[in-house]
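Working notes for the structure below.
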Amino acid sequence: MNILGIETACDDTSAAIVRDGHEILSNIIWDQQRLHEKYRGVVPELAARRHTEVITRVIDEALVQANMTYADIDAIGVNAMRGLLRSVIVGVAAAKVIAFAQNIPIIGLHHIEGHIYSIILDHPDIDFPFVCLTVSGGHNMLIYVKGHGKYELLGMTLDDAAGEAFDKVAKLLNIGFPGGPIIDKLAKTGNPKSFSFPRPMLNKPNDDFSFSGLKTAVLTTIKKLKKELVPIPIPDIVASFQQAVVDVLVKKTIRAAIRKGVSNIAVAGGVSANSLLRQTFEQQTNEHNMQIYFPQMALCMDNAAMIASLAYYKLQNGETSGLTLDACPNAPFGI
4 MNILGIETAC
14 DDTSAAIVRD
24 GHEILSNIIW
34 DQQRLHEKYR
44 GVVPELAARR
54 HTEVITRVID
64 EALVQANMTY
74 ADIDAIGVNA
84 MRGLLRSVIV
94 GVAAAKVIAF
104 AQNIPIIGLH
114 HIEGHIYSII
124 LDHPDIDFPF
134 VCLTVSGGHN
144 MLIYVKGHGK
154 YELLGMTLDD
164 AAGEAFDKVA
174 KLLNIGFPGG
184 PIIDKLAKTG
194 NPKSFSFPRP
204 MLNKPNDDFS
214 FSGLKTAVLT
224 TIKKLKKELV
234 PIPIPDIVAS
244 FQQAVVDVLV
254 KKTIRAAIRK
264 GVSNIAVAGG
274 VSANSLLRQT
284 FEQQTNEHNM
294 QIYFPQMALC
304 MDNAAMIASL
314 AYYKLQNGET
324 SGLTLDACPN
334 APFGI
């Protein structure tokens with residue numbers, strides 16, 4: 004079964020074709036980074052406008068790369084739940100037009116569930132149940148995955164997501180956008196023990212996260228150094244900040260896995276590409292005799308392949324949406 008996936012949650016326009024839930028035939032991603040970097044953040048209106056300009060081209064390229072036409076597509080999966088309203092609308096509208104014209108099923112999907120399926124797409128051998136940490140600029144959740152479509156939300160961020168904190172700290176230091184990869188690179192030349200930043204909620208007996216206080220601690224440090232007329236050691240600051248974020252994410256995730264009695268942990272979303280996060284998870288899970296699963300780098304970012312894979316499993320369960328599908332960008336993660 005050939006599924007066309009469409010993803011326009013934020014500032015990446017993506018279309019992909021996946022066969023039988025696991026074979027990626029194409030996965031095209033149109034990156035808007037240059038469009039937004041001068042604003043040091045995503046501008047929703049500009050993002051939606053660019054989606055509108057390129058969505059048809061991206062879908063056509065996905066078909067060409069897969070050596071297919073619309074006649075070869077059996078169904079369409081589209082992110083309809085989670086993201087920037089105007090961006091999500093573009094993807095949903097495109098999917099509905101194709102579904103109507105080709106008379107094929109359409110499945111509206113949740114962006115965060117899509118990230119979980121980036122793991123299943125890349126590691127079809129992963130055993131249920133497992134604990135999945137989804138971590139990006141827009142979301143930060145700990146989810147107990149019992150089986151296909153069966154979840155228990157363990158915890159989530161109460162304010163900033165980890166990726167959002169990376170972007171905000173990068174903005175404070177004026178080092179560029181997006182902050183995640185820039186900080187990851189700069190931190191390699193810094194000392195993570197230079198500054199003692201807090202580990203928010205690490206000692207709380209729950210699985211929730213909070214990173215706004217950590218960002219404020221970085222801001223306070225920067226202001227103090229400026230007041231003292233001391234040169235700001237950017238590599239040391241970002242290394243110390245990154246270490247604090249990673250400590251919280253890793254320790255809380257492993258603690259949740261131990262409590263749930265599972266030995267498999269998955270990490271998905273844009274921040275799952277962070278090199279220190281991967282290294283620390285590999286070390287810590289090895290010490291606890293656990294298995295850690297990350298998606299390949301191309302599947303860490305927002306992409307349509309994960310959406311197409313998820314759509315396949317939804318179809319196998321008899322789930323479709325119909326042409327009345329609407330964009331619901333603030334839809335809660337379904338349990």
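Residues 4 to 338, numbered by the numbering used here, are exactly what the sequence shown covers, in order.
For each residue, glycine too, the CB sits at the ideal point set by N, CA and C.
This structure is a prediction, so every number in the text was calculated from the model and none was measured.
Continuous beta strand (DSSP E) stretch holding E155: start and end: It spans K153 to M159 - the beta strand (DSSP E) in which E155 sits, taken as one unbroken run.
I310 burial status per 10 Å Cβ neighbour count (16 or more: buried): It is buried - the Cβ of I310 has at least 16 other Cβ atoms within 10 Å.
Whole-angstrom distance between T137 and A301, CA atom to CA atom: Using only the alpha carbons, I get a separation of about 16 Å.
Outcome for E231 when other beta-carbon atoms lying within 10 angstroms are tallied against a minimum of 16: Exposed, since its Cβ has fewer than 16 Cβ neighbours within 10 Å.
Pick from H291, E285 and G152 that is closest to V320, judged by C-alpha positions: According to the sequence displayed, residue 320 carries Asn and not Val. Minimum Cα distance to N320 is reached at G152.
Strand pairing of Q294, partner residues [DSSP]: Paired residues: N267.
Nonlocal neighbours in the same chain, by C-beta distance under 6 Å from I338, ignoring five residues either side: At I338, the pLDDT of 46 sits below 50, so the modelled position is not reliable and the matter cannot be decided from this model.
Per-residue DSSP class, three states only, for H113: For H113, the secondary structure class from DSSP, reduced to helix, strand or coil, is strand.
Distance CB(L217)-CB(V248) smaller than 8 Å: The answer is yes: Cβ separation under 8 Å.
Continuous beta strand (DSSP E) stretch holding V81: start and end: A78 to M84 is the span of the beta strand (DSSP E), which, as asked, contains V81.
Anticipated Cβ contact below 8 Å, F103 with L326, distance rounded: Between the beta-carbon of F103 and that of L326 there is about 6 Å, and that keeps the pair under the 8 Å contact cut.
Distance between beta carbons of V45 and D14, contact taken as under 8 Å: About 5 Å separates the CB atoms of D14 and V45; that is less than 8 Å, so the two are in contact.
A314 and L28 closer than 8 Å at C-beta: No, the pair does not count as a contact, with Cβ atoms beyond the cut-off.
7 Å CB neighbourhood of T256 in its chain, flanking five on each side removed: The answer, listed in chain order, is V134, L136, L145 and I268.
Inter-residue Cα distance where the pair is T11 and A334: Between the alpha carbons of T11 and A334 lies a gap of roughly 15 Å.
Extent of the continuous beta strand (DSSP E) run through S312: Premise fails: S312 lies in the alpha helix (DSSP H), A307 to Q319, not in any beta strand (DSSP E).
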